[in-house]
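Q:
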Amino acid sequence: MAISKTFPFAYIRKKVCKIEDAVVPIQAKAIQYGLGCFSGIRGFWNEKQKNLYLFRLEDHFKRFQESAKITGMQLEMDYKKFEKIIMELLMKNKVKGDVYIRPVLYSGSTQLTPRFDNEDDDVAIYMISLQEYFKEGTGLNVCISSWRRFDDDVFSVKAKMTGAYASSALAKTDAIKNGYDEPIFLNRDGKVCEASGANIFGVKDGVVWTPPLSSNILNGITRRSLIEICKYLDIEVREENFDRSMFYTFDEAFLSGTAAKVTPIYSVDHRTIGSGKEGPISKKISEFYSKAAYNDMKEFSKWCKPVY
Ligand SMILES: Cc1ncc(COP(=O)(O)O)c(C=O)c1O
39 MAISKTFPFA YIRKKVCKIE DAVVPIQAKA IQYGLGCFSG IRGFWNEKQK NLYLFRLEDH
99 FKRFQESAKI TGMQLEMDYK KFEKIIMELL MKNKVKGDVY IRPVLYSGST QLTPRFDNED
159 DDVAIYMISL QEYFKEGTGL NVCISSWRRF DDDVFSVKAK MTGAYASSAL AKTDAIKNGY
219 DEPIFLNRDG KVCEASGANI FGVKDGVVWT PPLSSNILNG ITRRSLIEIC KYLDIEVREE
279 NFDRSMFYTF DEAFLSGTAA KVTPIYSVDH RTIGSGKEGP ISKKISEFYS KAAYNDMKEF
339 SKWCKPVY
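Numbers given in my numbering equal positions in the sequence shown, counted from 1, plus 38.
#1: Only counting the same chain, and skipping five residues up and downstream in sequence, which positions put a Cβ closer than 6 Å to that of D158?
#2: Which same chain residues, not among the five before or five after K130, have their C-beta less than 7 Å away from its C-beta?
#3: Determine, using beta carbons only, whether M165 and Y203 come nearer to each other than 8 Å.
#4: Taking S294 as part of the alpha helix (DSSP H), name the residues at either end of that continuous run.
#5: Report the start-end ranges of each beta strand (DSSP E) in the stretch 158-199 that is 3 residues or longer and not cut off at the edges.
#6: Could you tell me whether the Cβ atoms of Y71 and F99 are closer together than 8 Å?
#7: My assumption, with CB atoms under 8 Å, is that K322 sits in contact with L271. Please give the rounded CB distance.
#8: Could you check whether Y171 and C342 sit closer than 8 Å to each other, using their CB atoms as the reference points?
#9: Okay, do the stretch 281-289 and the stretch 257-267 touch, 3+ Cβ pairs below 8 Å being the bar?
#10: Measuring alpha carbon to alpha carbon, tell me which of L143, R101, K299 ends up nearest Y332.
#11: Sorry if obvious, but does the Cβ on E232 come closer than 7 Å to a heavy atom of ligand 1?
#12: Assuming F82 contacts D136 (C-beta within less than 8 Å), just tell me the rounded distance between them.
#13: Assuming S320 and F292 make a contact with CB atoms under 8 Å, what is their CB distance in whole Å?
#14: Determine the closest residue to L178 out of G317, S283, G258, K229, with distance taken between C-alpha atoms.
#15: Where does the unbroken alpha helix (DSSP H) through K118 begin, and where does it stop?
#16: Considering only heavy atoms of ligand 1, does any lie closer than 7 Å to the CB of T296?
#17: Would you say I255 touches ligand 1, meaning its beta carbon is less than 7 Å from a heavy atom?
#18: Run the proximity test for I259: is its beta-carbon closer than 7 Å to any non-hydrogen atom belonging to ligand 1?
#19: If you follow the alpha helix (DSSP H) that I69 is part of, which residue opens it and which one closes it?
#20: Measure the Cβ-Cβ separation of K274 and V246 and say whether it is below 8 Å.
#21: When you compare only the Cα positions, how much space is there between T211 and G235?
#22: Taking just the CA atoms, how far does F45 sit from A197?
#23: Roughly how many angstroms separate the alpha carbons of V133 and R226, rounded to a whole number?
#24: Beta carbon of A236: closer than 7 Å to some heavy atom of ligand 1?
#25: For E96, collect the residues of the same chain with a Cβ closer than 7 Å to its Cβ; drop the 5 residues on either side in sequence, then sort them by chain order.
#26: By how many angstroms is the C-alpha of T296 removed from the C-alpha of V306?
#27: Could you tell me if D160 is buried or exposed, where buried requires 16 or more neighbouring beta carbons within 10 angstroms of its beta carbon?
#28: Quick check on L150: buried or exposed, where buried means 16 or more other Cβ atoms within 10 Å of its Cβ?
#29: Any idea what DSSP makes of S283, helix, strand or coil?
#30: Report back the beta-carbon spacing between L143 and C231 to the nearest angstrom; my notes put them in contact at under 8 Å.
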């Protein structure tokens, strides 16, 4: 992962403060039980236009709101307020480059009972100068994790809950220790599901495959964007389940996510995917996504919220 710098100002308890002051007590349920939900938003700096563009900010807020609703946490903020705080923070931090923004609705309650409907739910926001999440300029060697993705009747997969990432961390730690870059979860039905923090796509005979929302995946905003881009580019997309054997025989495969962007997969369980390099369809989609994200694609400027 590229080295990232944390910006000096954050937001917590309804105020902007120095990042070192954005702290919560150790008794907080956010720490003790992982009670919270979060979002991850990218801003892309367009050097030619000298402007920063936030990618699908309102859609990120909607998912943040839905996560709060699923858990029963109190998000006492509407979109306008959310946008205002983020804009103010970007200005205060003088952000003039690619940025990753992390809002978290955390449970600040210090009572012992593990329940979501507490007082003291609070929004905190910080930002870092993230470039590439994975190694730059290369693809991933992934493995099928021995950890399964949880079903929605075990733990919500549609709410982006902080505690849920313990599952991602288990799979990721084992994958790295075993010499891979990233784990791929199967769901309870044995179908390919998603990565530790990204959705998955495959390409077979010119058709793009991605697991459906019903297969216990996060409703990724990048995933949604790529599906729209494929439609625009006249590339057929199938939102259908596929199993591990089919994954092994894809011509191309890639991950998608706010942090991951579009990252090619070179191999899975030591089986080379296609030529073992980024495939032509993946490249086309990735380049288009990048142009759209930097607001260099008029047709998709609706996704880009200018900061300056
Ligand atoms: C488990 C998981 N799946 C998928 C994604 C991709 O979602 P998005 O494109 O909205 O960042 C993420 C990242 O947030 C994630 O954590």
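Note that CB positions come from ideal geometry on N, CA and C, so glycine has one too.
A: So, from the data block:
#1: Excluding residues within five positions, the ones whose Cβ falls inside 6 Å are G146, S147.
#2: F47, V54.
#3: no
#4: It is not in any alpha helix (DSSP H) - S294 instead sits in the beta strand (DSSP E) that spans 290-295.
#5: 159-166, 178-182
#6: no
#7: 7 Å
#8: no
#9: The stretch 281-289 vs the stretch 257-267: no contact.
#10: K299
#11: Checking the Cβ of E232 against ligand 1 gives yes.
#12: 6 Å
#13: 5 Å
#14: G317
#15: Note, K118: alpha helix (DSSP H), 117-130.
#16: yes
#17: yes
#18: yes
#19: 67-70
#20: First, the amino acid is wrong: residue 274 is Glu here, not Lys. Yes.
#21: C-alpha separation (whole angstroms): 13 Å.
#22: 27 Å
#23: 43 Å
#24: Yes, since a heavy atom of ligand 1 falls inside the 7 Å radius drawn around the Cβ of A236.
#25: Y117
#26: Across the structure, V306 and T296 are spaced so that their CA atoms are roughly 22 Å apart.
#27: buried
#28: exposed
#29: helix
#30: No, L143 and C231 are not in contact; Cβ-Cβ is about 25 Å, not under 8 Å.
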